[in-house]
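Working notes, structure below.
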Ligand SMILES: *Cc1c(COP(=O)(O)O)cnc(C)c1O
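Numbering (the numbering used here), first residue to last: 42 to 465.
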């Protein structure tokens with residue numbers, strides 16, 4: 042029984058045998074969820090503070106989510122985009138209202154975040170297409186370390202060379218900038234079709250943009266006639282305490298993309314356009330068989346209903362502040378700070394031990410994740426209350442202590458035994 046393969050769970054064996062290795066080993070086999078909790082195949086309960094990567098806005102198996110799926114599936118699930126359906130039209134109108142597009146806004150529905158960004162990429166190309174014998178706008182700007190998806194188009198927008206490298210050549214025309222207003226000023230001119238960016242870089246480690254960045258980006262893109270496209274796939278649907286993160290800055294973009302949290306666990310995404318950007322697509326330029334189907338749009342409608350009804354934007358703000366204060370209050374030598382907004386938080390670690398913290402948390406019955414080696418990402422359901430916050434803080438404290446103990450960190454100085462020896 043010392044042989045690892047003998048003690049390995051049979052589901053892990055099956056996963057290794059049957060699933061492509063693109064994602065690496067799965068960390069658990071979950072069989073059920075309710076609210077902020079998950080249960081694995083052994084019956085162990087976990088507090089879920091990842092929520093499917095900012096997806097399960099209402100937690101697991103929320104009655105409104107369940108009822109919307111059942112009722113719409115029993116009525117009409119899919120008809121293709123030759124036809125419209127009431128839930129699709131209702132969701133489009135609602136997204137326009139929540140995103141503040143006014144009358145001139147338009148919505149394109151997809152099934153995922155990457156597909157929403159593919160549509161945004163094509164929007165940028167349409168805007169940059171040469172007209173009337175002019176040179177057009179061949180350049181698209183994105184940010185270093187950004188994440189916009191895994192399809193070939195969105196990978197070309199993703200500023201992580203190690204992700205792109207196995208799949209070269211990339212779709213051409215994309216340039217990557219450091220996330221500074223200076224870099225933006227230097228790069229923008231009339232040859233730029235669009236600037237695309239995340240208001241908070243989630244996959245890069247919950248990294249906010251510098252103060253005033255979105256305002257400067259709006260100014261500069263407008264001055265040069267380039268589109269400002271915001272990827273709100275992780276930050277949208279109320280997660281940061283506004284419907285969309287750009288609303289904290291009080292600007293109006295030309296387009297935003299959403300997915301993850303708007304479906305609450307049902308796969309759906311959208312590109313939402315503002316003003317003149319709404320006129321770029323014309324019949325035949327884009328499409329999706331499943332996109333905007335009645336089932337997905339009905340579920341997203343129900344999820345957004347529930348976020349509005351429960352005032353979950355306010356809850357994201359207050360719980361987020363509570364969590365931040367609580368996390369810093371733990372006083373762990375491993376924690377150096379807490380970034381992010383609302384219920385999208387990144388706990389900065391003093392050492393590259395994020396994977397160990399995630400594993401220790403899971404042992405203690407808490408699900409969080411490590412977008413990089415020095416950050417723990419926290420993105421729970423928007424429905425969490427005092428009970429979940431308190432339980433999170435006690436489990437996270439325990440997980441940090443487990444890792445600090447393993448490193449034998451001094452509680453006061455944060456130095457390891459080796460470092461204390463070396464300093465002597
Ligand atoms: C998750 C994510 C995507 C990709 O969405 P998928 O649904 O995985 O295709 C794109 N951009 C951001 C900011 C994301 O967080």
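Backbone N, C-alpha and C define an ideal beta-carbon position, used for all residues, glycine too.
Starting from the C-beta of residue i, find all residues in its chain whose C-beta is less than 6 Å away, skip the five residues before and the five after it, and write them out in chain order.
i, result
"residue 277", "285, 299"
"residue 235", "165, 181, 267, 268, 270"
"residue 44", "For residue 44, the predicted structure reports a pLDDT of 47, less than 50, and the residue's modelled location is therefore unreliable. The matter cannot be settled from this model."
"residue 414", "393, 395"
"residue 46", "Model confidence at residue 46 stands at a pLDDT of 49, short of 50, so the residue's coordinates are unreliable and nothing is read from them."
"residue 429", "77"
"residue 149", "160, 312"
"residue 221", "none"
"residue 145", "316, 319"
"residue 142", "315"
Can we count residue i as close to ligand 1, meaning its CB is less than 7 Å from some heavy atom?
i, result
"residue 155", "yes"
"residue 307", "no"
"residue 158", "yes"
"residue 300", "yes"
"residue 75", "no"
"residue 274", "yes"
"residue 239", "yes"
"residue 432", "no"
"residue 119", "no"
"residue 188", "yes"
"residue 455", "no"
"residue 266", "no"
"residue 381", "no"
"residue 246", "no"
"residue 243", "yes"
Below 8 Å on the Cβ atoms is my contact criterion, and I expect residue i with residue j to pass it. Report the Cβ-Cβ distance as a whole number of Å.
i, j, result
"residue 421", "residue 219", "Actually they are not in contact, since the Cβ atoms of residue 421 and residue 219 sit about 31 Å apart, beyond 8 Å."
"residue 409", "residue 402", "5 Å"
"residue 292", "residue 264", "No, residue 292 and residue 264 are not in contact; Cβ-Cβ is about 14 Å, not under 8 Å."
"residue 398", "residue 448", "At roughly 11 Å, the Cβ-Cβ gap does not stay under 8 Å, so residue 398 and residue 448 are not in contact."
"residue 122", "residue 253", "Contact flag wrong, Cβ pair sits at about 40 Å."
"residue 273", "residue 188", "Rounded, the Cβ-Cβ distance is 13 Å, inconsistent with contact."
"residue 463", "residue 109", "Incorrect: roughly 59 Å between the Cβ atoms, too far for contact."
Determine, using beta carbons only, whether residue i and residue j come nearer to each other than 8 Å.
i, j, result
"residue 161", "residue 237", "yes"
"residue 484", "residue 287", "Past the edges of the chain, shown from 42 to 465, lies residue 484, and the structure says nothing about it."
"residue 78", "residue 67", "no"
"residue 179", "residue 232", "yes"
"residue 310", "residue 156", "yes"
"residue 16", "residue 158", "Here the chain has residues from 42 to 465 only, and residue 16 is not among them."
"residue 305", "residue 103", "yes"
"residue 412", "residue 302", "no"
"residue 95", "residue 275", "yes"
"residue 407", "residue 386", "no"
"residue 446", "residue 461", "no"
"residue 217", "residue 185", "yes"
"residue 98", "residue 425", "no"
"residue 117", "residue 126", "yes"
"residue 92", "residue 346", "no"
Between residue i and chain B, is there a C-beta pair that is closer than 8 Å?
i, result
"residue 448", "Reference to chain B is not applicable here, since this structure consists of a single protein chain."
Once you ignore the five residues that flank residue i on each side, which residues in its own chain have a CB closer than 8 Å to its CB?
i, result
"residue 205", "196, 197, 199, 211"
"residue 321", "164, 167, 168, 314"
"residue 369", "376, 378, 379"
"residue 113", "128, 335, 336, 339, 340"
"residue 134", "none"
"residue 503", "The structure shown has nothing for residue 503, since the chain only spans 42 to 465."
Starting from the C-beta of residue i, find all residues in its chain whose C-beta is less than 7 Å away, skip the five residues before and the five after it, and write them out in chain order.
i, result
"residue 283", "289, 354"
"residue 296", "161, 164, 268, 270, 312, 313, 314, 315, 318"
"residue 52", "70, 82"
"residue 54", "none"
"residue 372", "none"
"residue 384", "280, 357, 360, 361, 420, 421, 423"
"residue 215", "181, 183, 197, 198"
"residue 388", "368, 376, 379, 416, 417, 419"
- prompt: At what residue ranges does the stretch 94-134 contain a whole run of the alpha helix (DSSP H), taking only runs of 4 or more?
  reply: 104-114
field: Contiguous alpha helix (DSSP H) assignments of at least 4 residues, all confined to the stretch 427-464
entry: 427-448, 458-464
task: Write down every uninterrupted run of the alpha helix (DSSP H) in the stretch 372-417 whose length is 4 residues or greater and which is fully enclosed by it, in chain order.
output: 395-405
query: Can you list the beta strand (DSSP E) stretches of 3 or more residues lying completely in the stretch 138-222, in chain order?
result: 147-151, 180-184, 215-218
- prompt: If you scan the stretch 307-382 from start to end, which runs of the alpha helix (DSSP H) of 4 or more residues do you find wholly inside it?
  reply: 335-350, 353-370
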